[in-house]
Amino acid sequence: MTVIEPAVLTSPSEVQDVAERLMRSAEGTVRIEFLDNFGDGTVRAVVVWPTENTALSDICALFESFGLRLHRQLPLEGAGDGAYLYEFTMVGVPPADSLRNVAAAVEAHGGGQFSVDPFAALILAANIGWRDAVLLRAAARFLKQAGLGMSQGYVIDNLVHRPQFVAALLDYFNARFDPSTADRAQAIADTSRTLENHVEAATTVDEDRVLRAFATCFDALVRTSWFQVTADGHHKAHHAFMFDSARLSLHGPVIPYREIFVDSDDVEGLHVRSGAIARGGLRFSDRPEDYRTEVLGLMKTQTVKNSPIVPTGAKGVFIRKNPNIPVSQAYSVFINGLLDVTDNIVEGETVHPPRTVTHGADSSYLVVAADKGTAAFSDIANSIAAQRGFWLGDAFAAGGITGYDHKQMGITARGAWVSVRDHLTEIGIDVSTDPVTVAGIGDCSGDVFGNGMLHSNNLRLVAAFDHRHIFIDPDPDPVASHAERRRLYSQPGSSWADYDPSLLSTGGGIWPRSAKSIVLPDRARQLLCIDRQTVTPDELVRALLQANVDLLWNGGIGTYVKSHRESHVDAADPANDSVRVNAGQLRAKVIGEGGNLGLTQRARVDFALRGGRINADFIDNAAGVATSDREVNLKIALESACRSGRLTAEQRNDLMAAAQDEVAATVLSGCHNQVLALGLAEAHAGRLLNRHERLIESLERHNGLNRAAEGLPSETELAARAQAGQGLTRPEIAILLAYSKNVVCQELLHSSVPDDLAFVPALSAYFPSSWQGIVPINGPAEHRLAREIIATQIADDLINHVGPGLIYRLEERLDVRSPEVAAAYTVTRKLFGVDSLWEHARRGGTVGAQGRWNGLYDVQQFIEHTAGRLLRHTNGRIDITQTVNRYATHVDVLRSHLQKNAPDSWLRLRSEAVDLSETAVRLGLDVREVAQTYLALDDALGINWVINALEAHNPANWWDAMAAAALRDDITDALHQLTARLPRIEGWQSTAHQGISRVKGVVARLRRDGFVDVPRAATISAELSGLGRWISGG
């Protein structure tokens, strides 16, 4: 605790001397000194005020905050203006130390260092210094946000009446974080025991909750800027605290990996992240009472949204407590606070912040982004990072003067149009030739709305609104309106009020949302199906949202659509409660979510269940996030080159600019792949329902999924869908897709897979091709996030190709984990050219045609079967390079031979190539000879039809699915065992004629049935086993 050394007075006669001495040292601020106890129960102090204008009421309030009731104020004539003797009454006689602490607090308050509030009572009651009170106040502010649920008065009363607990708490804090603490481990152990004893001494549940909250708050703390000082040696006006959130006693449904709380008199804020490498925007919050609840929800959403990129989700919010400072200044305080507790990297070595004791893992990755209220602040953040020499440089905040301008690139809207174009094509609309009617949310000056509405000359924007205006154009001229939208897009600060009214069709108009009422022309009423001629702006917005259009394009801010099962509170956007509609009221065919949170997740599901085409916001607007992440990772690569002198700043900026088009193309390709994966899963959603249900259950048990919070169906709902032959909708599949990528990525990072040299080419391919000769990235050592980049690329590619659920299916069947599955997939991809197979299937039919989806599904089935066979042959222990080398020659020989001589046979044998290679190696035979035997055996038995029919079987439940997969493996094993035996038996076809005939007879009966289920497959498996025994015996 703070210790203040006092001056000593020995008698009342020295009051005048004290006053004169304080006058000489006042220097324009308040000075105070308490006098010795004269034995009459009165506390006296000499105070010198810097001005005569200090109101007596303010003086009374000031001292009462410390627990001192002013009894008398006596001016000290002759000592100078502003000098007074004060007499106070209080219960008991306070220790001299506590009065000196009060004196120091009053002087700090006068100097602007200490804001007096009810926590000041602890200074006298617990005999602590004013900085200790500031520390406890900061902890209480954080605990309020964390959900302590007790009033400030109750919390302070508990601390006031437990001075020994307060002392133990502060001792524990100092033992852990004071840089001058000797024998820190012993000090922590001793103070921890003392603190725990005081917590256990609580006599009520509420007392225990308060004391335990403070104790675990300091225990969960892993680093703090509390002991840092400015260049002139003073303590900083703001303080930052980093917590390991899982160690707090107050837990909600979302627990971040780390959170940083920044506290000052002017600004308060919180940055939360779900992993060590995490990224997300910082927003200016308008929710001072519960901004932690706000930011945790945003982080959770961001984590799902970040699934295709390297960092996981993070989010930050800050509030401005002093309205007299600009938001940019509050933002700067928040940024500095975050960096105060973030490690730097200097010459490749991690450097902790000065005068900062750290516990737990290093923490050097901090990347921020623009968000609500901070859209223009990237350069501010980067200038702060530069001033501090932060290792990320201007990669700290993507964008800015040296980053990619998303609006100029139009990247977010272009990514969203990947989804929209796919949706429209599915319902028979070709955007490049057909007119598309649109209703929109936003205005032309905005990035997402403006760029989105310039995507095609065939867009007929019939209605739109933002927070200022409502725009209606019932029958627009597509070419003229497109040109006018482009003009508004190019005009800084434009609004719908700037739209040329002469270009509006009959019945069109632009009205302010502040109007009391709006008289609608007939054509506008017909467009929006409104009976009344006069409506309010809110009524008009609701009608606009329900317009019968091809596309509802969200390029704005706000949540405008909820489920009928939800209240407006569930939408968490009170500003738009008056205009929000239910998903069942929408009449648009397609919804494009360029903006965030336009619909609740349940609303998306409702819309999709009614046949509407929709993904999710984190799918549609993923291109913006992906571009920012690429920018950061590219800058990290170039930053090291700049620091080493290989590049100048100008050369670096030129390289970044030159790579912009390639970055955009790569990002959009990723959007295409993700949307294709969603479409494929949706096309087979009914037959995949069981697999998806098992995945949901696993994610709930092991990975923090809350199906209700994510809008996923309950067990009862899933059963009803199974009965109806329905699967998950696209918005639901999108959640599983994102979660699967995140889980796989994290499991890969905890394995050795990203370190496999087989992935070095993938790392190099991540960076622009134009860089290869200038800034080569040829190994993990050349980029600080190499492992993360590799793991993310593997997870993204894997899940996009096999869909959500396959990995967990293999885990359940074969007792393997994601890293082993990823290795098997990589081997399969390299051996068989999966990328080419995928692309061939993708182009194999018109978009939306079932033949195309069936072709892609066949490739998925091939991947699953081959990866599974590899895992069975290796017992899950796959060295990628060795395994590829083991099979590559045989696979290449077989493919070349069969594609040349019997192309249909290659398609038939591709899935069996690994097993055929195993047999050839074991028997020392030519793989072509083994394949010929296998084909002859299969032709004789007709098992290929059985396998295809079994793969087409739609399992009724998990047991059925597992049994079918096991039997598929058993049948395959039996066929290859027979294939291995038959070459040694001369004339095997005639020798085994009786057994073959028996199997053929069973197959014939199955073909008459027209399907193969588990019992029938079990029968075939048994017959093949019998044939094997018969041949062996023979």
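Just so we're aligned: 1002 in full-length UniProt numbering is position 1002 of the sequence shown, and the numbers increase by one with no gaps anywhere. Glycine residues also receive a C-beta, built at the ideal position from the N, C-alpha and C atoms. All of these numbers come straight from a predicted model, not from anything done at the bench.
- Item | Residue interval of the beta strand (DSSP E) (run including W511) | 509 to 512 is the extent of the beta strand (DSSP E) around W511.
- Item | Closest residue to R646 among I774, A949, V930 (Cα-Cα distance) | Measuring C-alpha to C-alpha distances from R646 to each of I774, A949, V930 identifies I774 as the nearest.
- Buried or exposed by the 16-neighbour rule on C-beta atoms within 10 Å, applied to N197: Its Cβ having fewer than 16 others within 10 Å, N197 is exposed.
- Say whether the region 147 to 167 touches the region 176 to 188, bearing in mind that this needs 3 or more beta-carbon pairs closer than 8 Å, one atom from each stretch. No, they do not touch.
- Please report how far the alpha carbon of A657 lies from the alpha carbon of R414, in whole angstroms. C-alpha separation (whole angstroms): 19 Å.
- Where does L975 sit, in a helix, a strand or coil, going by DSSP? In the structure shown, L975 sits in a helix (DSSP, three-state: H, G or I).
- Where F318 sits in the DSSP three-state scheme: If DSSP states are grouped into helix, strand and coil, F318 belongs with the strands.
- Can you give me the Cβ contacts of E593 inside the same chain, cut-off strictly under 6 Å, excluding the 5 residues immediately before and after it? Leaving aside the five residues that flank E593 on each side, the residues in its chain whose CB is nearer than 6 Å to its CB run, in chain order, N554, D617, D620.
- Would you tell me roughly how many angstroms separate the C-alpha atoms of A781 and D157, rounded to the nearest one? Near 55 Å, if we compare the C-alpha coordinates of D157 and A781.
- In angstroms with no decimal places, state the Cα-to-Cα distance between D206 and P574. A straight-line Cα-Cα distance of about 33 Å links D206 and P574.
- Message: Given this structure, state the Cα-to-Cα distance separating V893 from E912, to the nearest angstrom.
- Response: Taking the straight line from one Cα to the other gives about 14 Å.
- Task: Along the beta strand (DSSP E) that carries E349, what are the first and last residues, could you check?
- Result: In the DSSP annotation of this structure, the continuous segment of the beta strand (DSSP E) that includes E349 starts and ends at 349 to 351.
- Query: Who pairs with F465 in a beta bridge, going by DSSP?
  - Reply: The bridge partners DSSP lists for F465 are I441, I470.
- Task: For H684, count neighbouring C-beta atoms within 10 Å of its own C-beta (all shown protein chains included) and say buried if the count is 16 or more, exposed if not.
- Result: The residue is buried, with at least 16 neighbouring Cβ atoms inside 10 Å.
- In the DSSP assignment, what are the bridge partners of M242? For M242, which the question treats as bridged, DSSP gives the partners R223, I260.
- Item | DSSP state of R877 mapped onto helix, strand, coil | The answer is coil: DSSP assigns R877 none of H, G, I, E or B.
- Query: Near R137, what residues of its chain come up, given a Cβ to Cβ distance below 6 Å and the 5 sequence neighbours on each side ignored?
  - Reply: Within the same chain, R137 has close Cβ partners F119.
- Message: Judging by CA-CA distance, which residue of F214, A464, R532 is the nearest neighbour of W511?
- Response: Between W511 and the set F214, A464, R532, the nearest pair of CA atoms involves A464.
- Query: Near V847, which residues of its chain fall below 8 Å by C-beta distance, leaving aside the five closest residues on each side in sequence?
  - Reply: Confidence at V847 is low in this model, with a pLDDT of 49, below 50, so its placement is unreliable and the value that follows should be read with caution. Correct list, in chain order: D422, T425, E426.
- Message: Threshold first: 4 residues or longer. Then list the alpha helix (DSSP H) segments lying entirely within the region 712 to 798, N to C.
- Response: DSSP runs (the alpha helix (DSSP H)) wholly in the region 712 to 798: 715 to 724, 730 to 749, 760 to 766.
- Item | For G281, the first and last residue of its enclosing beta strand (DSSP E) | Unbroken beta strand (DSSP E) run through G281: 278 to 284.
- Using the DSSP secondary-structure output, state which residues sit across from N324 in a beta bridge. Paired residue(s): none; N324 is not in a bridge.
- Task: Could you check the C-alpha separation between H482 and L454 for me, to the nearest Å?
- Result: If you take the alpha carbons of H482 and L454, they lie about 6 Å apart.
- Item | Residue interval of the beta strand (DSSP E) (run including I591) | Residues 590 to 593.
- If you drop the 5 nearest sequence neighbours on each side, which residues of the same chain put their C-beta closer than 7 Å to that of T919? Take T919, set aside five residues on each side of it, and the residues of its chain with a beta-carbon closer than 7 Å to its own are V930, H976, T979, A980, in chain order.
- Task: For H239, count neighbouring C-beta atoms within 10 Å of its own C-beta (all shown protein chains included) and say buried if the count is 16 or more, exposed if not.
- Result: Under this definition H239 is a buried residue.
- Query: Just how far apart, CA to CA, sit P94 and A139?
  - Reply: Rounded to the nearest angstrom, the two C-alpha atoms are 26 Å apart.
- With a CB to CB cut of under 8 Å and the five nearest residues on each side skipped, what residues in its chain are close to W906? When the five nearest sequence neighbours on each side are left out, the beta carbons in the same chain lying within less than 8 Å of the beta carbon of W906 are those of L894, R895, L898, Q899, in order along the chain.
- Message: For G876 and H865, I'd like the C-alpha separation in whole angstroms.
- Response: Distance between the alpha carbons of G876 and H865: 14 Å.
- Query: If you check the beta carbons only, do H109 and V116 fall under 8 Å apart?
  - Reply: Yes, they are a contact pair.
- Query: According to DSSP, is Y86 helix, strand or coil?
  - Reply: Looking at Y86 - three-state DSSP - the assignment turns out to be strand.
- Item | For W496, the first and last residue of its enclosing alpha helix (DSSP H) | No alpha helix (DSSP H) holds W496; DSSP gives it neither H nor E.
- Tell me, please, which residues DSSP counts as bridged to H406. H406 is bridged by DSSP to nothing; it lacks a bridge partner.
- On the three-pair Cβ rule with 8 Å, is the region 65 to 74 touching the region 28 to 38? Short answer: they don't touch.
- Query: Apart from the five residues on each side of it in sequence, which residues of its chain come closer than 6 Å, Cβ to Cβ, to F63?
  - Reply: Contacts found: L70.
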